[in-house]
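A.B. asks:
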Amino acid sequence: MNNLNRRRFIQVCGVGVALAALPYSLQAATGARVVVLGGGFAGATAAKYLRLFGHDLNVTLVDPAAAHVSCVGSNLVLTGESALAELTNPLSVLRDRYGVELLADSAVRVDPSTNTVHLASGASLEYEHVILAPGIDFDAVQGHDFQAMPHAWIAGEQTLLLRDQLLAMPAGGTFVIAIPNTPFRAHTAPYERATVVADFFRRERPGSKILILDANPGIAGMRRTFTTAFEGVYRDIVEYVPNVTVNAADALNMRLDISRDGLADSVTAEVINLIPAQKAGKLAFDSGLVPDGSRFAPVNPLNYASTLVPAANVHVLGDSQSTGQAKSGHMANAQAKVCVDAILRDLAGLEPDPAPKTTAAAFPPITRKTASWTTVTYSFDPVTMTMVSTSSAEAPEPTDDVREEEGPGWLRNLQRDSFA
Ligand SMILES: Cc1cc2nc3c(=O)[nH]c(=O)nc-3n(C[C@H](O)[C@H](O)[C@H](O)COP(=O)(O)OP(=O)(O)OC[C@H]3O[C@@H](n4cnc5c(N)ncnc54)[C@H](O)[C@@H]3O)c2cc1C
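The sequence shown lines up with residues -28 to -1, 1 to 392 when you count with mature numbering (1 follows the signal peptide of the UniProt record, and there is no 0).
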C-alpha cells in the first residue's frame, strides 16, 4: 500500500465499511427494540449506527460506565506523553445526538429462550435483537495483585497505576512486561508498550532496562518492525525472551515465578506489567454463548449471530467473539457496522450482505519522533464461511509523518466514528 492509498484507507476506514448499499428503507417503521450490552468500540458503534440508519428503532445501551476510556492510544499515557482525558468518551453523546437510551447497569445474563436480558439491578429488558459487546475477561494468575502488578489492558485506573509506577521508578531499574499466549486483545500493543517506555527510559531514566517475557514463540504482531526496534535502536534497553510461562506472582517481593523450556526460574523487577491470558467477557460465558473448553464466542461473520443459538437474534461483537479476526478497536468498529446492517436487513425481511469486509489498523510509536503502521482487510469466504485476511502491509521504516499526523488522525477518527 503506498502513502496515498494508506491515507485514503485512514480516511475511509472509520466509516461505511458495510453500510454503503443500504437496501432497506431508512423509514422502515419497525419500532423494534435492540439492546446493546457494553459501550466500548463495538457496542457504542453499533448503538450509534442502529439509530442513524434505523430511525424508528428503540436502541438501549447498557454499560455501568458513564464514559468509555479507549485502550487505543493508552500506551502513550504511561509515559506522560498523552492524558486519559484525550481517550475518554462520554456515552451521553450517543443519547443526546442519536437518541440512544442509556442504562447505567451491568448485564448479568441473556436468556435467548425468552428474549430477555437480566441486569445487575434486578431489572430486565426484552429485545428483538441483542448485541453482546463486553470486551475481555482475564485468566487468574496465582498471587496476581492487580494493584501491585497492573495489567493496564483495560484503560482507566489500571493505566494510571502503571503510569505512576513507571514515573516513580528510579534510573537503573528494571521494568518487566509479561505477555500471554495469543489470542489476546491487540497483538501489537504489548510490543508498542515496550518501544514507548524504552524511548522514555532513554531520555529520562538512563540505565533502566525492559525485560519482555513472552508466552509466545515469537513476537505476535508486526514482528519485523519490533524485532528491528529491539535489536537496533533499543538493543541496550530491551531484552526479549520468548516461550516464557508465568506460573505465579509474588506482589510483596515483586517477583514472578516463571518457566521456560521446562526449567523453573524467577525474576524480580521494580515495576511489573503482568498481562494475563484473555477470554470473552463473563457475560458471554454466563449467557451460554461460549462452548465448553473454548475462550471466545463463535458467531456467523455475516451477522455476528451466535452459532450456539442461531435463531435467537443474539449477536456477539468485538473482543468477545471468535472469528479469528484481529481483536482491535478498529475491528470492533467495523464488525459493529456489519452487524447493524444485518439487523436492519433482518427487520426488513432481507438476508444479510453475502460479502462483508472488515478492516483493522495500528500505528505504533517506535520513538518520540517516529511511528510505524499496519493495516489488514478481511473478506468473507463463502466456501469456508470464515473471514479471510486479504491484505496486510507493514511499513519498512517508521516515519515522522506517521507519528505526527497519520497515527493521531486515525485515532481521532476512530474515536469520533465510534463515540461521537
Ligand atoms: C494498550 C492497548 C493498545 C491498543 N491499541 C490498539 C490499536 O492501536 N488499534 C486498535 O484497533 N486496537 C487497539 N487496542 C485494542 C482495543 O482497545 C480493543 O480491541 C477494543 O477496545 C475492543 O472493543 P470491545 O468493544 O470489544 O471491548 P471494550 O472496548 O473493552 O468495551 C467493552 C465495554 O463493555 C462494558 N461491559 C463489560 N461487561 C459488561 C456487562 N456485563 N454489562 C454491560 N456492559 C459491560 C465495559 O464497561 C466496556 O465499556 C489496544 C488495546 C490495548 C490494551
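Heads up, the beta-carbon is just placed ideally off N, CA and C, and yes, glycines get one too.
Give the DSSP bridge partners of A277, in chain order.
C.D. replies: In the sequence shown, residue 277 corresponds to position 305, counting from 1. Paired residue(s): N272, H287.
A.B. asks: At which residue ranges does the region 190 to 272 contain complete beta strand (DSSP E) runs of 3 or more residues, listed in the order of the chain?
C.D. replies: 210 to 213, 216 to 222, 227 to 232, 235 to 240, 243 to 246, 250 to 252
A.B. asks: Determine which residues share a DSSP beta bridge with A333 and list them.
C.D. replies: Walking along the sequence shown from the start, residue 333 turns up at place 361. DSSP output for A333 lists T347 as bridge partner(s).
A.B. asks: Is it the case that the region 158 to 176 contacts the region 335 to 346, given that we only count it when at least three CB pairs across the two stretches are under 8 Å?
C.D. replies: yes
A.B. asks: For residue 404, which residues of its own chain have a beta-carbon under 7 Å away from its beta-carbon, when the five flanking residues on both sides are left out?
C.D. replies: This structure cannot speak to residue 404, because the chain is shown only from -28 to 392.
A.B. asks: Leaving out five residues before and five after I184 in sequence, what residues of the same chain have Cβ atoms less than 6 Å from its Cβ?
C.D. replies: As a first step, residue 184 is located in the sequence shown; it is residue number 212 there, counting from the start. Once the five neighbours on either side are set aside, the close Cβ partners of I184 are I149, A166, Y212.
A.B. asks: In the DSSP output, what is A327 paired with across the bridge?
C.D. replies: Indexing the sequence shown from 1 puts residue 327 at position 355. Partner(s): none; A327 has no beta bridge.
A.B. asks: Closer than 8 Å is the cut-off here; do at least three beta carbon pairs connect the region 230 to 238 with the region 119 to 126?
C.D. replies: Touching, no, given that fewer than three Cβ pairs across the two stretches are closer than 8 Å.
A.B. asks: Buried or exposed: which applies to V216, given that a residue is buried once 16 or more other Cβ atoms fall within 10 Å of its Cβ?
C.D. replies: Along the sequence shown, read from residue 1 onward, the residue named residue 216 stands at position 244. Result: buried.
A.B. asks: Any chance the region 74 to 85 sits against the region 112 to 119, with 3 or more Cβ pairs inside 8 Å?
C.D. replies: no
A.B. asks: Does the pairing of the region 1 to 19 with the region 86 to 106 give three or more beta-carbon distances under 8 Å?
C.D. replies: yes
A.B. asks: Start and end of the beta strand (DSSP E) containing R175?
C.D. replies: Position 203 of the sequence shown, counting from 1, holds the residue named residue 175. It is not in any beta strand (DSSP E) - R175 instead sits in the alpha helix (DSSP H) that spans 161 to 176.
A.B. asks: Could you tell me how far apart the beta carbons of L228 and V218 are, in whole angstroms, since I believe they sit closer than 8 Å?
C.D. replies: The residue you call residue 228 lines up with position 256 of the sequence shown. The residue you call residue 218 lines up with position 246 of the sequence shown. L228 to V218, Cβ: 5 Å. Contact.
A.B. asks: Taking 8 Å as the cut-off, is the CB of E53 close to at least one heavy atom of ligand 1?
C.D. replies: If you number the sequence shown from 1, residue 53 lands on position 81. No, the Cβ of E53 stays beyond 8 Å of every heavy atom of ligand 1.
A.B. asks: Once the 5 residues before and after R388 are set aside, which same chain residues still bring their CB inside 6 Å of it?
C.D. replies: Here residue 388 refers to the residue found at position 416 when the sequence shown is read from its first residue. Result list for R388: empty, nothing under 6 Å.
A.B. asks: Kindly indicate which three-state DSSP category V96 falls into: helix, strand or coil?
C.D. replies: Taking the first residue of the sequence shown as 1, we reach residue 96 at position 124. Checking the sequence shown, residue 96 turns out to be Ser, not Val. S96 falls in the strand class under three-state DSSP.
A.B. asks: Measure the CB-CB distance between L50 and G128 and report whether it falls below 9 Å.
C.D. replies: Within the sequence shown, residue 50 is the residue found at index 78, counting from 1. Within the sequence shown, residue 128 is the residue found at index 156, counting from 1. Contact: no.
A.B. asks: Mapping DSSP to helix, strand and coil, what is E378?
C.D. replies: One-based indexing of the sequence shown puts residue 378 at position 406. Of the three classes helix, strand and coil, the one that applies to E378 here is helix, per DSSP.
A.B. asks: Beta-carbon within less than 6 Å of H159's beta-carbon, same chain only, minus the 5 sequence neighbours each way: which residues are those?
C.D. replies: Taking the first residue of the sequence shown as 1, we reach residue 159 at position 187. Cβ neighbours of H159 beyond the five flanking positions: A192, G193.
A.B. asks: To the nearest angstrom, how far is it from the Cα of T279 to the Cα of P370?
C.D. replies: As a working mapping, residue 279 is identified with position 307 in the sequence shown. As a working mapping, residue 370 is identified with position 398 in the sequence shown. The straight-line gap from Cα to Cα measures roughly 41 Å.
A.B. asks: Which residue's Cα is closest to the Cα of G301: A327, E378, A161, F118?
C.D. replies: Counted from its first residue, the sequence shown places residue 301 at position 329. Answer by Cα proximity: A161.
A.B. asks: If you reduce the DSSP assignment to three classes, tell me which class Q(-2) lands in.
C.D. replies: By 1-based counting over the sequence shown, the position of residue -2 is 27. A caution first: Q(-2) carries a pLDDT of 49, below 50, which makes its placement in the model too unreliable to give a value.
A.B. asks: In three-state terms, what does DSSP make of N47?
C.D. replies: Working through the sequence shown from its first residue, we reach residue 47 at position 75. Note: N47 maps to helix in three-state DSSP.
A.B. asks: In three-state DSSP terms, what is M303?
C.D. replies: What you label residue 303 is simply residue 331 of the sequence shown in a count that begins at 1. DSSP places M303 in helix when its eight states are reduced to three.
A.B. asks: Would you call G290 buried or exposed, if buried means 16 or more other Cβ atoms sit within 10 Å of its Cβ?
C.D. replies: As a position in the sequence shown, residue 290 is number 318, starting the count at 1. By the 10 Å Cβ count, G290 comes out buried.
A.B. asks: With distances taken between CB atoms, is the gap from residue 393 to F25 smaller than 9 Å?
C.D. replies: Only positions -28 to 392 of the chain appear in the structure, and residue 393 is not among them; the question remains open.
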